[in-house]
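Here the working numbering = 1-based position in the sequence shown + 3.
The structure under discussion appears below in the form of structure tokens.
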Amino acid sequence: MLKEWQLELPKLVVSVHGGMQKFELHPRIKQLLGKGLIKAAVTTGAWIITGGVNTGVAKHVGDALKEHASRSSRKICTIGIAPWGVIENRNDLVGKDVVAPYQTLLNPLSKLNVLNNLHSHFILVDDGTVGKYGAEVKLRRELEKTISQQRIHASTISIFYLKLLYLGIGQGVPVVALIFEGGPNVVLTVLEYLQENPPVPVVVCEGTGRAADILAYVYKQTEEAEPEIISTIKKTFNFGQSEAVHLFQTLLECMKKRELITVFHIGSDEHQDIDVAILTALLKGTNASAFDQLILTLAWDRVDIAKNHVFVYGQQWLVGSLEQAMLDALVMDRVAFVKLLIENGVSMHKFLTIPRLEELYNTKQGPTNPALFHLVRDVKQGNLPPGYKLTLIDVGLVVEYLMGGTYRCTYTRKRFRVIYNSLSGSNRADTATDEGKKKKTKDDIVDIDDPETRRFPYPLNELLLWAVLMKRQKMALFFWQHGEESMAKALVACKLYRSMAYESKQNDLVDDTSEELKEYSNEFGELAVELLEQSFRQDETMAMKLLTYELKNWSNATCLKLAVSSRLRPFVAHTCTQMLLSDMWMGRLNMRKNSWYKVILSILLPPTILMLEYKTKAEMSHIPQSQDAHQMTMEDSENNFQNIAEEIPMEVFKEVRVLDHSDGKHDMESIIKPKRLPITRKFYAFYHAPIVKFWFNTLAYIGFLMLYTFVVLVKMEELPSVQEWIVIAYIFTLAVEKIREIFMSEAGKISQKVKVWFNDYFNISDTIAIITFFIGFVLRFGAKGNFHENTYKVNYVFVAGRLTYCLNIIFWYVRLLDFLAVNQHAGPYVMMIGKMVANMFYIVVIMALVLLSFGVPRKAILYPNEEPSWVLAKDIVFQPYWMIFGEVYAYEIDVCANNSDTKHLCVTGSWLTPFLQSVYLFVQYIIMVNLLIAFFNNVYLQVKAISNLVWKYQRYHFVMAYHEKPILPPPLIILSHMASLCYCICKRRKKDKNSDGPKLFLTEEDQKKLHDFEELCVEMYFSEKDDKFHCRSEERIRVTSERVEQMCIQIKEVGDRVNYIKRSLQSLDTQIGHLQDLSALTVDTLKTLTARKPRKQARSTMKSPGN
């Protein structure tokens, strides 16, 4: 069968026995039995073995298969084993390796049967008899026994199913017998199954009739009910006394192994479906330990069986058995089992160790991601040997590659490497020794002997990474739902999937892998946005804190940074994020209207800074700040509170003392208006606000651009003017600032810092502008000794320097677009321009090809005697290019015309140029130009539709860029650089390791509250999601349909009962009428007898006197 039919060895065999003749089943019973049988076969990968003919129990199985085939494309292996002598048209089936048509319509006059066409395979048994059943019985039992003894090969099924076989569960593939209706022979078949070695468990379907009902009845009754049972046997099978007693004895033999018998009753609360009864019978029949039963249900993927029949009260578990089951469930991608094991006490912190996680990455079972090995090969920059096993360090490199240059994975850190090398054995001892010789910080000191060092502090985070990298979406969603930092996990998964989708697309593989990974990324992105919306509805301040608090487990990033790196625009454009960015943009300034006017006025008139309003400590609690700014905020808050406390009447303290400490503090802040900030703190807060830095830099840049314009427009002297020196100083200090930005980048290596910095277009533009300016500066000063003002001699070096200045100013004018991008209205248009320029490459290439295809032959025809020169290259494209914009050079169209001034161009073949020009203009001017315009229009419409979203997403970069800029603009920025340098030197002497980057400063208690708030939001999110799901129209229709179906079945049952009652009443009425007739006849008879008795007495009286 495995060889000829190419079948896979089953995980389970369900042998269906019952009546061979036609019998009726109640519609509800038939529906539930068929549905449960198909479910058992589909979920476990079972074979169903029947009699194969289109009558009796095999026909009912076929009907169930028909309903399944109409709903699913997955085919169930159903094998019919039938006697050859009872098959109608059997001669049509004779042949070897041929395809023959077979008629399944039964001749009503024939005593034979046809095969059921809904079975997938048939085995026909010929013992020479015709029209008799029983020839197949012996072969069927031998086949089932042979299958049960098969050892399953690793190539056909998972290694964990092999494990359960060698643990002692049966001898191979488990077999279960299913009993529908049936005659006396079915009882004998049940006894044979129970007496097998090993015995085969039996499931009896009560309510199907005859033998099945008698078996169920005997199973429930005691031996005292022998007379009733024998009487039932007589009535059911029309047996005599001796035959009934013999069958009763057979039933008692079966009941000696009643633990192997499972009675399925539709109305029972214990078994809601027949598939549960089948699989539960197998668990009872194996007599295995709890762990073996758990592995068996795991192989079947039936978590309901495990939950109700394995994890029962009082069950004893061996140490480590549940952890082994957890490993199997993870490898086999059984999400429901992972959830069940966690609910039953499996500690993921103790379970997940470094070796186990590495084993999960190297498993070949379940869904795998081949792209992971390609990514490892890319990051290691070499070919992997056959059978290469991934290490967690390899995985860490892949994660860093996918997340971006600034991300640092835990697996690549020094502390983890020390632990990993110690666990890897002697082959890594040298590396560990070398790292041990290096200078270690307090965090790098690791106790290798401590078992906790081999485990992970947040195992669900590590398993989420594993599930994402292995492309197991359902498992990844489960681990996202559980544990802390759900928003961060969703964003990390979104980024990883998006990067893997990009890598898959780069491989030029024609498959759906890239689209599938994009769908997974979008799903996690939607989860992050929906969770942010849920958090924002609950508490706006706490939601903002979730965006910007440091994630120690995710490379000290923030949720906002992760969302930006994932290019998750809806997340960044959310109201919560934009409110946070607005607060960060304003800094400590408390203004909402006409902010630009107030800021510019305060920059130009510094005394007006004292008139501005500033935020309190409570208002700054959710805004990321630098270390110094946070320290000042705390000091201001304490000083204000102490100063105000002296002026507060005692009644206020009495009112507050009644309240809780934290509540009282908030009430105090709301009742009392804090004093104003000191003058120095106001100036500090003003000049450190990003909006002030922006306008300060903008005004300085406009001034620089005006001076630069003046320099290039007026006559340039030998010595630079004051204006030129200011321009030089501005650009020089700007170059120093760009170098500082590169070195202050969060990336680790210099190459990564440069790569991250050059991801921004305006950084590339600034680099080119600065380099070309200094080239012009060198040329301009290099010609100083050869400068002659009053001579006609041209100083070409000096002119080259001036021309470089003239061209260089283009970049500085283009740079104004960066300032315009801050504006909500102008920003989207800047984005459109960039997108149009970036995407027009292919159209421009096509236009260039069309241009060259005309320019070269035109030049060659009109000018056949040209000498070799680079000027030819210019002439090829010069005139054809301007023709695109309408300049057709009409005087050169017909150079041989009588009145033409271009008679010298009238050469042989010149008549071809008008024809070539007409074709060129048609293609280039009408087709290509309009195609380019249509392309630009399409880009415009696309960006216009999401312009607000795009601007909000780009706004993050502007806010963060000016948040980290020095206070003073170029050229005064050099003073800020000197101050920062002195500050860094002082910090090193004090060994202060706190970073100057903006962040939230939260205590452990605040972080715990934040995590609790996030977990609460996740719970509420899923609760609302469930409510919405149940309120959907589709779900309501489905539930209503099921209820209507149940009502129809019940109504049909009621109708059947009513008909039965009617028939009973009619029969009773007939019987009563018959009794009435008999009663009347009896009365008449009694009257007749009564009338005869007096006559006899009278006659006897008359005779007696005479005598």
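Yeah, the Cβ is synthetic: ideal placement off N, Cα and C, and Gly gets one too.
Environment of residue i [buried if 16+ CB atoms lie within 10 Å]
i	result
TYR799	exposed
TRP698	buried
GLU1181	Residue 1181 is absent from the structure shown; the chain starts at 4 and stops at 1110.
GLU403	buried
ALA851	exposed
ASP1080	exposed
Straight-line gap, residue i to residue j (C-alpha atoms, nearest Å)
i	j	result
ASN311	ASP586	54 Å
TYR986	ILE976	15 Å
LEU299	MET329	13 Å
SER1082	ARG1095	20 Å
PHE539	CYS579	6 Å
ASN700	LYS968	10 Å
ILE41	TRP8	21 Å
LYS555	ARG411	11 Å
VAL306	ASN951	48 Å
ALA67	HIS122	11 Å
VAL17	ILE150	12 Å
LEU549	TRP50	53 Å
GLN827	PRO370	46 Å
HIS352	TYR461	7 Å
THR283	ILE308	7 Å
VAL1111	ASP769	Past the boundaries of the shown model lies residue 1111; the chain is included only from 4 to 1110, so the question cannot be answered.
ILE1052	THR211	17 Å
First and last residue of the uninterrupted alpha helix (DSSP H) at residue i
i	result
SER234	229-240
SER921	915-924
THR544	543-551
PHE761	Careful: PHE761 lies outside any alpha helix (DSSP H) and carries neither H nor E.
ALA876	874-886
CYS497	489-509
Residue i, DSSP secondary structure in three states
i	result
VAL655	Residue confidence is low: VAL655 scores 43 on pLDDT, short of 50, so the model does not pin down where it sits. Its coordinate-derived value is still stated next. Reduced to three states, the DSSP call for VAL655 is helix.
SER558	coil
CYS809	helix
GLU103	Correcting the residue type first, residue 103 is Ala in the shown sequence and not Glu. Three-state DSSP puts ALA103 in coil, outside helix and strand.
MET23	coil
ALA85	strand
GLN9	coil
LEU127	strand
VAL16	strand
VAL595	The amino acid at residue 595 is misidentified as Val; the sequence shows Arg. Three-state DSSP puts ARG595 in coil, outside helix and strand.
LYS756	helix
LEU118	strand
ILE705	helix
PHE267	strand
VAL1120	Residue 1120 falls outside the range modelled here, since the chain spans only 4 to 1110, and no answer is possible.
PHE183	strand
THR90	At residue 90 the sequence reads Ile, which differs from the Thr that was named. Three-state DSSP puts ILE90 in a strand.
ARG570	coil
TYR683	Just to set this straight, residue 683 is Thr in the shown sequence, not Tyr. Three-state DSSP puts THR683 in a helix.
Start-to-end residues for the beta strand (DSSP E) that takes in residue i
i	result
PHE784	Premise fails: PHE784 lies in the alpha helix (DSSP H), 764-785, not in any beta strand (DSSP E).
TRP50	50-53
CYS579	Counting along the chain, CYS579 falls outside any beta strand (DSSP E), though it belongs to the alpha helix (DSSP H) covering 578-589.
Any non-hydrogen atom of the ligand FMN within 7 Å of residue i CB
i	result
CYS1020	Here there are no bound small molecules, and the ligand FMN is not part of this structure.
Interface flag, residue i vs chain B, CB-CB below 8 Å
i	result
GLU11	Of the chains in the structure shown, none is chain B; there is only one protein chain.
Touching by the beta-carbon criterion (3+ pairs, under 8 Å), the region 387-399 and the region 353-365: Yes, the region 387-399 is in contact with the region 353-365.
Segment contact, 8 Å Cβ cut-off, at least three pairs: the region 800-819 with the region 764-776: When C-beta atoms of the region 800-819 are compared with those of the region 764-776, three or more pairs fall below 8 Å, so the two segments count as touching.
Stretch-stretch touch, CB-based, cutoff 8 Å, three pairs: the region 610-620 with the region 587-601: yes
Stretch-stretch touch, CB-based, cutoff 8 Å, three pairs: the region 216-231 with the region 19-36: No, the region 216-231 does not touch the region 19-36.
Three CB pairs or more closer than 8 Å across the region 701-712 and the region 679-691: Under the three-pair Cβ rule at 8 Å, the region 701-712 does not count as touching the region 679-691.
Cβ contact (3+ pairs, closer than 8 Å) linking the region 110-126 and the region 77-84: yes
Sufficient close CB pairs (3 or more, under 8 Å) joining the region 559-567 to the region 493-501: yes
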